[in-house]
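Number of protein chains: 2
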Amino acid sequence: DRKKIRGVSLSANEVKITVLGVRDEPGTVGAIFRPLASADIDVSMIVQDLSRTSKGDDGTDVTFTVEQKDKDLTLKLIADAREEIGFREIIADEDVVRVSVIGMNLEKNTGMAQIMFDALGKEGINIQAISTSEVKISVLVANEFAERAVRALHSAYILDAR
Amino acid sequence: DRKKIRGVSLSANEVKITVLGVRDEPGTVGAIFRPLASADIDVSMIVQDLSRTSKGDDGTDVTFTVEQKDKDLTLKLIADAREEIGFREIIADEDVVRVSVIGMNLEKNTGMAQIMFDALGKEGINIQAISTSEVKISVLVANEFAERAVRALHSAYILDAR
Ligand SMILES: C[C@@H](O)[C@H](N)C(=O)O
Ligand SMILES: C[C@@H](O)[C@H](N)C(=O)O
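Respectively, the protein sequence lines represent chains A and B.
Each position in the first sequence, counted from 1, maps to that position plus 7 in the numbering used here.
Each position in the second sequence, counted from 1, maps to that position plus 7 in the numbering used here.
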């Protein structure tokens, strides 16, 4: 039932921000996003995949995306909050695009995610970040792969034939 | 407009699986989830927040959750695929619960995520993983915080008063 996937979307105006070595204690991500929320900066995707119990005490990493127009302010606000957040380094990567497959009841549907990953893998497209939900599976890939990714996913989910 | 959040959900039957030091090349996550999909193992949440360009060439990490009954088979299948995936270590953590706030149009709504993070931070609840989407913001926290997290979020989003 690849039919569960209704479409493929591309979000090309995003900048990937990764805060590395964040103090892995209660309150830290609140400290990252509070100034961004106050400044009305839209954050599209937030992913964190580890915590200190799995990685040791040198902090953990958090990735999120903002619109290109908000990149500089985002970096400034996070740098200003350095003491409160506690981080080692912050990276901004403009060379990303967010590719998503959209549907319903995707949670617990391992097969739907695997089709996406295999389709991109076969095209030699490296996946930089992953976030999943009931209605959407999103990955970040380099800009240069945007069109190839969309075509590969259309084909993998047999969207062209419908 | 905390009213955008309609409810808080708790998913307590989940085991957090983290594959550490995964070969950060095209096809790798496909190799992780293909055997799980074939074995009909439901995967609820998949998060990856880094890729080699931000972390160096020692691989990256991927976290996902499965039901407790599937823990042993999941570990076995991934160990069997070790050559194809290429990873350093795999960790299973049963002491987690997934807490989510549910609503609509949550993407790009930084304020809604920040309320959740601040509420948990104030309770001293450490966030182990984060995944966001248009309809749900999910975090993984230790089992012991399950009830406290739900109460704190109900209060933060003023859900009790409605
Ligand atoms: C790293 C970050 O998520 C931290 N654990 C927190 O709870 O805010
Ligand atoms: C780490 C993993 O996501 C890898 N980059 C892949 O594309 O499969």
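Note that the Cβ used here is the ideal one computed from N, Cα and C, for glycine as well.
For clarity, every value in this text was computed on a predicted model and none was experimentally measured.
- The beta-bridge partner set that DSSP reports for Ile-48/A is empty.
- Distances from the CB of Pro-42/B to the heavy atoms of ligand 2 are all 6 Å or more.
- One thing to note: Ala-99/A has its Cβ no nearer than 7 Å to the Cβ of Pro-42/A.
- Annotated as distal: Ile-24/A and Phe-94/A, with beta-carbon spacing of 7 Å or more.
- Checking the DSSP bridge columns, you'll see Leu-27/B partnered with Glu-96/B.
- DSSP places Asp-102/A in the coil class of the three-state scheme, outside both helix and strand.
- Look at Glu-21/A here: in three-state DSSP terms it is strand.
- In terms of Cα proximity to Val-69/A, the closest of Ala-163/A, Ser-138/A and Gln-75/A is Ser-138/A.
- A Cβ-Cβ contact shorter than 7 Å links Lys-11/A with Met-119/A.
- Ser-58/B sits in coil when the DSSP states are folded into three classes, being neither helix nor strand.
- Listed as beta-bridge partners of Ile-12/A by DSSP are Gly-110/A.
- Annotated as distal: Thr-81/B and Val-29/B, with beta-carbon spacing of 7 Å or more.
- Taking C-beta separations shorter than 6 Å and ignoring five residues to either side along the sequence, the partners of Phe-152/A in its chain run Ile-132, following chain order.
- In the DSSP assignment, Leu-80/B falls outside any beta strand (DSSP E) and within the unbroken alpha helix (DSSP H) covering 78-87.
- Assignment of beta-bridge partners to Lys-115/A by DSSP yields no partner.
- At a cut-off of 7 Å between C-beta atoms, Asn-112/A does not count as an interface residue with respect to chain B.
- Per DSSP, Ser-162/A is not a residue of any beta strand (DSSP E); the alpha helix (DSSP H) it occupies stretches across 153-163.
- Take the alpha-carbon of Gly-34/A and the one of Lys-83/B: they are about 36 Å apart.
- Under a criterion of Cβ atoms nearer than 9 Å, the residues of chain B adjacent to Leu-127/A are, in order, Pro-33, Gly-34, Val-36 and Gly-37.
- Neighbourhood of Asn-150/A in chain B, by CB distance below 7 Å: empty, with the nearest CB roughly 13 Å away.
- DSSP places Ala-136/B within a strand segment (E or B) once states are collapsed to three.
- Excluding sequence positions up to five before and after Ala-44/A, its CB lies less than 6 Å from no other CB in the same chain.
- Within chain B, the residues whose beta carbon sits less than 7 Å from that of Thr-117/A are Phe-40, Leu-43, Ala-44, Ile-48, Asp-49 and Val-50, listed in sequence order.
- Within the same chain, Val-22 come within 6 Å of Glu-101/A by CB-CB distance, once the 5 residues on both sides are set aside.
- Relative to ligand 2, the nearest heavy atom lies less than 6 Å away from the CB of Asn-133/A.
- Sorting Asp-31/A, Gly-37/A and Ile-48/A by C-alpha distance to the C-alpha of Asn-116/B places Ile-48/A at the top.
- For ligand 2, no non-hydrogen atom lies closer than 6 Å to the CB of Pro-33/A.
- Within the same chain, Cβ atoms closer than 7 Å to the Cβ of Asn-150/B are found at Asp-102, Val-103 and Val-104, the five residues on either side in sequence being excluded.
- Short of 8 Å from the beta carbon of Ile-109/A, and not among the five residues preceding or following it, lie these beta carbons of its own chain, in chain order: Ile-12, Arg-13, Gly-14, Val-15, Ser-16, Val-142 and Lys-143.
- Taking the beta carbon of Ile-137/A as reference, the chain B residues within 8 Å of it are Val-36, Ile-53, Val-54, Gln-55 and Val-69, listed in sequence order.
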